[in-house]
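Peer 1: Residue numbers in the sequence shown follow this note's numbering, run continuously in steps of one, and reach 1582 at the last position.
C-beta atoms are modelled at their ideal positions from N, C-alpha and C, and glycine is treated no differently.
Note that this is a predicted model, so its numbers are computed, not measured.
The structure that follows is given in the form of structure tokens.
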Amino acid sequence: MNNCIDCGKELLNLNAKRCRKCHFKYAVGKNNSNFRHGKTFDNHCLDCGKLLGNYRSKRCKSCSRKGKLHWAFGRNVIHGKGAYYKNIWMRSSYEIAFAKYLDKVGIKWLYEPKAFDLGNTTYRPDFYIPKFNSFYEIKGYWRDDAKMKFELFKKLYPTHKIIILEKQDLIDLKILKKSC
1403 MNNCIDCGKE
1413 LLNLNAKRCR
1423 KCHFKYAVGK
1433 NNSNFRHGKT
1443 FDNHCLDCGK
1453 LLGNYRSKRC
1463 KSCSRKGKLH
1473 WAFGRNVIHG
1483 KGAYYKNIWM
1493 RSSYEIAFAK
1503 YLDKVGIKWL
1513 YEPKAFDLGN
1523 TTYRPDFYIP
1533 KFNSFYEIKG
1543 YWRDDAKMKF
1553 ELFKKLYPTH
1563 KIIILEKQDL
1573 IDLKILKKSC
């Protein structure tokens, strides 16, 4: 085991020369890792302003994983209570029923073909039907965040035609059976 060269405290890291407490006392002025060209640079996160330890970093760890910077931004979601239909993961039984209906009547469809950029998030309509140049959103119920995304989509992309089919609409079209 090594000992701290300043206070003599036993070190757990074999490569370290100082304990944490002594390291931060020592890391000022020219000894600071952010000391460049005669001065110490205070590097702050571009998004939240948090002081960063590395002069090369532009964002803190949490901000570097938000919104467009998140690895899953704009990608298909493959979790949830869904099932496969024609080797496509669909997130609801209503979506599967609608896809089967479209196949039955001979209408070609695409499932979640495009992610629309809404700023810090994306929106993917459930279906696109080229024959009608329309997007379709299948909804069993509206969560608050889904409703906000949908309203923002309509505001940012007013030229895209989108039709909402809720449970009662699917029952009226005889896609779903009326439950007792």
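#1: In the DSSP assignment, find the alpha helix (DSSP H) that holds Leu1572 and state where it starts and stops.
#2: Would you call the segment 1543-1554 and the segment 1571-1582 touching, i.e. three or more CB-CB distances under 8 Å?
#3: Which of the three DSSP states is assigned to Met1492 in this structure?
#4: Would you tell me roughly how many angstroms separate the C-alpha atoms of Gly1508 and Asp1547, rounded to the nearest one?
#5: Smallest Cα separation from Phe1426: which of Cys1447, His1446 and Gly1455?
#6: Following the continuous alpha helix (DSSP H) through Glu1553, name the residue where it begins and the one where it ends.
#7: Can you tell me whether Asn1433 is helix, strand or coil according to DSSP?
#8: Please identify the residue among Arg1461, Arg1420 and Asp1528 whose C-alpha is closest to the C-alpha of Gly1542.
#9: Do you know how far the Cα of Met1403 is from the Cα of Cys1409?
#10: Using a 10 Å radius around the Cβ and a threshold of 16 neighbouring Cβ atoms, would you call Cys1582 buried or exposed?
#11: If you follow the beta strand (DSSP E) that Tyr1543 is part of, which residue opens it and which one closes it?
#12: Taking buried to mean at least 16 other C-beta atoms within 10 Å of its own C-beta, is Tyr1486 buried or exposed?
#13: Can you tell me which of Asp1505, Gly1521, Phe1500 and Ile1531 puts its alpha carbon nearest to the alpha carbon of Pro1515?
Peer 2: The structure says:
#1: As a first step, residue 1572 is located in the sequence shown; it is residue number 170 there, counting from the start. First-last of the alpha helix (DSSP H) with Leu1572: Lys1569 to Asp1574.
#2: no
#3: Looking up residue 1492 in the sequence shown gives position 90. Correct three-state label for Met1492: strand.
#4: By 1-based counting over the sequence shown, the position of residue 1508 is 106. By 1-based counting over the sequence shown, the position of residue 1547 is 145. Straight-line Cα distance between these residues: approximately 34 Å.
#5: Here residue 1426 is taken as the residue at index 24 of the sequence shown, counted from 1. Minimum Cα-Cα distance from Phe1426 among the listed residues Cys1447, His1446 and Gly1455 corresponds to Gly1455.
#6: Along the sequence shown, one-based indexing puts residue 1553 at 151. Asp1546 to Leu1558 is the span of the alpha helix (DSSP H), which, as asked, contains Glu1553.
#7: Position 31 of the sequence shown, counting from 1, holds the residue named residue 1433. Reduced to three states, the DSSP call for Asn1433 is helix.
#8: On the sequence shown, position 140 is the one that residue 1542 refers to. Ranking the options by Cα distance to Gly1542, first place goes to Asp1528.
#9: Position 7 of the sequence shown holds residue 1409. Position 1 of the sequence shown holds residue 1403. Those two C-alpha atoms are separated by around 15 Å.
#10: Within the sequence shown, the letter at position 180 stands for residue 1582. With a pLDDT of 49 at Cys1582, under the threshold of 50, the predicted position of this residue should be treated as unreliable, though the coordinate-derived value follows. Flag for Cys1582 reads exposed.
#11: The count along the sequence shown starts at 1 and reaches residue 1543 at position 141. No beta strand (DSSP E) holds Tyr1543; DSSP gives it neither H nor E.
#12: Walking along the sequence shown from the start, residue 1486 turns up at place 84. That one is exposed.
#13: Counting from one through the sequence shown, the residue named residue 1515 turns up at place 113. Taking only the C-alpha atoms, the option nearest Pro1515 is Ile1531.
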